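K.L.:
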Amino acid sequence: MAMTAPLAAPAQPRVDPYLDVEDYEPEADLMVLNLGPQHPSTHGVFHVKLYLDGEIIIKAVPYAGYLHRGVEKLCEKLMFTQITPIVDKNDYVSPMMNEQALNLAFEALLGVEVPRRARWLRTIEAELQRAASHLLWLATFAMDLGGALGGGATLFMHCFREREAILDLFEEVTGSRFHYNTHTIGGNRHDITPGWAEKVKATLDVIEARIPEYESLTTGNRIFVDRTRGVGVIDGALAMELGITGPILRAAGVSHDLRRDAPYHAYDEVEVRVVTETAGDCQARSLVRIAELRESLRIVREMIDNVPSGPICGHKPIKIVSQERATSGQAYACLESPRGELGTFVIGGGANKGSSPHRLKLRSPSLHALSALPFVLPGHNLSDAVAILGSLDPIMGEVDR
Amino acid sequence: MKGVTLDERVVALLSKKFEVGEFDASLPPLVSRERHLPLARALRDELGYHIYGFCVATHWLETTPKGGEPDPEHFEVSTGLRTPGPGSKLAVWRIRLELGEALASLAHEFAGADWQEREQYDLVGVYFDDHPDLRRLMMPEDWEGHPLRKDYAIDTGCAPWR
């Protein structure tokens, strides 16, 4: 898609996110309602102050930061070799991606090559993690839509069952179900076990067979369609301006996927089919994510039998924590996480004689996705707010860091 | 900078219109403060950099290299923009800000800059001129200091928030 020409103007004028409520003349009663900070549909702790005219939202003011742990400050005190397990906890739905994005940046900064086998293993792990993340999104989104789907707990349990199967696969390789700490500068720390490929394929068979069931409960379900079609439209121009990437951007008709467009790992050796929809609403985002779930499983299936042999780490083993040093230089590396461009900006020359970063910035796609709320929520019914928030798939751990 | 190769057209634009003479392979090109906003506009309108990438502010304390002039305390702000679609390219540049200087906000050009600049203002304490809503994003509104400054100790005490 050639994007050098300015985009066509969207059909409707853009909402003013800085609307002055004092000057607003309500048709019904003007009310202020706090959604969150503790509410199941906020996927963590997130607070949106909604100004309502009757039941219609006229202004939304989000407040983030309830889960701020100061990860970036902490990373400035730790050494390069110690940071990987810390970032696992940022996007706690896809920790693999955090580790990989971090180590890609460190490898760029320190000039370390990753061997081909490690790149293939990273790709397979990333795609399995993407499938697990999209399954969890589907589970919680069904829960958000709640009553419309028979309480929503059915699909929640079903998706968690399949996600568990993927976590079991990770546990066999890394020893952890969640906070893997399996990537290091220059490659992976754990090789796959004998017979792992067969288990992966058996798991893929099970999940692939069950996706039609999920579709019949969600995108093929009249109640689901009624609650999502035309709700929360984010057009391509607004999404790009806000820095939104990933499924939300692809659901708005912009074919942009770093796996294909700026390949990292081993994505230049496999075919990545980018899924797009044009409507940009909650339904389109659901369709894109379910199609990507299928696509991830297909990529894993294509790769799992052809993993090249060789070393899994192209770097000398870490024996002392201060082994890696970068006294100057800046690096940025990014990858396509389940939520979009997950990047790490790292500046060398920090404490401990250069074995810590001077500054580490994590570009989290969820923060950009949430910044769409003031533009999207106004004009919608209060009941749609939860559906819109859920369809953005925000992970508060990486929003607040 | 490392991990990012600037497109040839961006290099040409920077050297012709924005007076960037030096391209260091390990650092983003340094652009003067006044040219920040025109550069972002030019990248978007002329070269198709439509996706707002990131904004990273860094605090540098005074340093004195061996036998050289001391480099006073200052800030650096790096901004990234990206092209959508196949062959996606990232353009990154950095601005040096002396103490007390503010940078023009990109929030009117790229709506995504609103929150990113708020975060950098909150954590690093860099001010953005003409920002529509410059409030803290991560820390409580009444927080004192900017935690990502180099002279802000990691164990700075704080009263529990209630």
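Protein sequence lines correspond, in order, to chains A and B. Position 71 of the first sequence, counted from 1, bears residue number 71 in this note's numbering, the numbering being contiguous throughout. Position 140 of the second sequence, counted from 1, bears residue number 1140 in this note's numbering, the numbering being contiguous throughout. Glycine is no exception: its CB is placed at the ideal position from the N, C-alpha and C atoms. Every value quoted in this text rests on a predicted model; they were computed, and no experiment measured them.
Residues in its own chain within less than 7 Å of Thr174 of chain A by CB, not counting five upstream and five downstream?
P.N.:
Hits under 7 Å: Tyr180, Thr182, His190.
K.L.:
Residues of chain A with a CB under 9 Å from the CB of Phe1110 of chain B: which are they?
P.N.:
Chain A residues near Phe1110 of chain B: Met240, Glu241, Leu242, Gly243.
K.L.:
Say whether chain A places a C-beta atom closer than 8 Å to the C-beta of Val1011 of chain B.
P.N.:
Not an interface residue.
K.L.:
Starting from the N-terminal side, write out each stretch of the beta strand (DSSP E) that is 3 residues or longer and does not extend beyond the region 35-70 of chain A.
P.N.:
Qualifying beta strand (DSSP E) stretches, in chain order: 47-53, 56-63.
K.L.:
With a threshold of 8 Å between beta-carbons, can Ile1095 of chain B be considered close to chain A, or not?
P.N.:
Closer than 8 Å: no.
K.L.:
DSSP on Arg1009 of chain B, reduced to helix/strand/coil?
P.N.:
Helix.
K.L.:
Grab the span of the alpha helix (DSSP H) containing Cys313 of chain A for me, first residue to last.
P.N.:
Neither: Cys313 of chain A is in no alpha helix (DSSP H) and is coded neither H nor E.
K.L.:
Taking 8 Å as the threshold (beta carbon to beta carbon), is Asp91 of chain A in contact with chain B?
P.N.:
Chain B contact via Cβ: absent.
K.L.:
So is Asn381 of chain A buried or exposed if we call it buried at 16+ other beta carbons inside 10 Å?
P.N.:
By the neighbour-count rule (16 or more Cβ atoms within 10 Å), Asn381 of chain A is not buried but exposed.
K.L.:
Can you give me the C-alpha to C-alpha distance between Arg1135 of chain B and Ile1095 of chain B, rounded to a whole angstrom?
P.N.:
About 22 Å.
K.L.:
Can you pull the chain B neighbours of Tyr24 of chain A, defined as C-beta to C-beta under 7 Å?
P.N.:
In chain order: nothing, as chain B lies at least about 17 Å away.
K.L.:
By the criterion of Cβ-Cβ separation under 8 Å, what are the contact partners of Tyr1052 of chain B in chain A?
P.N.:
Here the neighbours are Met240, Glu241, Leu242, Gly243, His368.
K.L.:
Which whole-angstrom value is the C-beta distance of Gly162 of chain A and Leu135 of chain A, which I expect to be below 8 Å?
P.N.:
The sequence given here has Glu at residue 162 of chain A, not Gly. So it is a contact: roughly 5 Å between Cβ atoms.
K.L.:
What does the Cβ neighbour count give for Tyr51 of chain A, buried or exposed, with the cut at 16 atoms within 10 Å?
P.N.:
So Tyr51 of chain A counts as buried.
K.L.:
Check the Cβ of Gln323 of chain A against every Cβ in chain B and list those closer than 7 Å, keeping chain order.
P.N.:
Chain B residues near Gln323 of chain A: none, gap ~19 Å exceeds 7 Å.
K.L.:
Which runs of the alpha helix (DSSP H), 4 residues or longer, sit entirely within the region 248-333 of chain A?
P.N.:
Within the region 248-333 of chain A, the complete alpha helix (DSSP H) runs of at least 4 residues are 258-261, 282-304.
K.L.:
Note down, in chain order, each residue of its chain lying with its Cβ closer than 7 Å to the Cβ of Leu1006 of chain B, except the 5 sequence neighbours on either side.
P.N.:
Only Ala1091 meet the Cβ criterion.
K.L.:
Quick check on DSSP: helix, strand or coil for Thr203 of chain A?
P.N.:
Correct three-state label for Thr203 of chain A: helix.
K.L.:
Using a beta-carbon distance below 8 Å, is Tyr214 of chain A in contact with chain B?
P.N.:
Tyr214 of chain A does not count as touching chain B.
K.L.:
Taking 8 Å as the CB-CB limit, is Lys361 of chain A close to chain B?
P.N.:
Yes - at least one Cβ of chain B is within 8 Å of the one on Lys361 of chain A.
K.L.:
Need the endpoints of the alpha helix (DSSP H) that Ala142 of chain A sits in, please.
P.N.:
Taken as a continuous stretch (DSSP letters only), the alpha helix (DSSP H) holding Ala142 of chain A covers 116-145.
K.L.:
Can we say the region 131-145 of chain A touches the region 281-299 of chain A, given the rule of at least three CB pairs closer than 8 Å?
P.N.:
Cβ pair count under 8 Å is three or more, so yes.
K.L.:
Residues of chain B with CB closer than 9 Å to the CB of Glu295 of chain A, please, in chain order.
P.N.:
The premise fails here: Glu295 of chain A is roughly 17 Å from chain B at the closest Cβ pair, so nothing lies under 9 Å.
K.L.:
Enumerate in chain order the residues of its own chain whose CB-to-CB distance from Ser366 of chain A is below 7 Å, with the five nearest sequence positions on each side excluded.
P.N.:
Result list for Ser366 of chain A: Arg339, Pro394, Ile395, Glu398, Val399, in chain order.
K.L.:
Using beta-carbon positions only, say whether Gly343 of chain A and Cys334 of chain A come within less than 8 Å of one another.
P.N.:
Yes; because the gap between Cβ atoms is below 8 Å, this pair is in contact.
K.L.:
Answer yes or no: do Ala387 of chain A and Gly230 of chain A have a C-beta to C-beta separation smaller than 8 Å?
P.N.:
Against a cut-off of 8 Å, the Cβ pair of Gly230 of chain A and Ala387 of chain A comes out as no contact.
K.L.:
Provide the residue span of the beta strand (DSSP E) that contains Glu341 of chain A, from first to last.
P.N.:
Looking at the DSSP string, the run of the beta strand (DSSP E) that includes Glu341 of chain A is 340-347.
K.L.:
To the nearest angstrom, how far is it from the Cα of Cys75 of chain A to the Cα of Leu30 of chain A?
P.N.:
The straight-line gap from Cα to Cα measures roughly 45 Å.
K.L.:
Should Ser427 of chain A be labelled buried (16 or more other beta-carbon atoms within 10 Å of its own) or exposed?
P.N.:
Only positions 1 to 401 of chain A appear in this structure, which leaves residue 427 of chain A out of reach.
K.L.:
For His1059 of chain B, count neighbouring C-beta atoms within 10 Å of its own C-beta (all shown protein chains included) and say buried if the count is 16 or more, exposed if not.
P.N.:
Buried, by the Cβ-count rule.
K.L.:
At a threshold of 7 Å, does Ala1040 of chain B count as lining the ligand ATP (C-beta to nearest heavy atom)?
P.N.:
Annotation note on the ligand ATP: not contained in the displayed structure, which lists no ligands.
K.L.:
Return the CA-CA distance between Asp144 of chain A and Glu324 of chain A, expressed in angstroms with no decimal places.
P.N.:
Taking the straight line joining both Cα atoms gives about 45 Å.
K.L.:
In angstroms with no decimal places, state the Cα-to-Cα distance between Ala2 of chain A and Ala209 of chain A.
P.N.:
The predicted position of Ala2 of chain A is uncertain, since its pLDDT is 43 and thus under 50; no value can be drawn from it.
K.L.:
Run through the DSSP bridge pairs and tell me what Tyr1052 of chain B is partnered with.
P.N.:
For Tyr1052 of chain B, which the question treats as bridged, DSSP gives the partners B:Leu1081.
K.L.:
When the Cα atoms are used, what is the spatial distance from Leu489 of chain A to Ser364 of chain A?
P.N.:
The question about residue 489 of chain A has no answer, for chain A in this structure spans 1 to 401.
K.L.:
For Gly187 of chain A, does the three-state DSSP call read helix, strand or coil?
P.N.:
DSSP places Gly187 of chain A in strand when its eight states are reduced to three.
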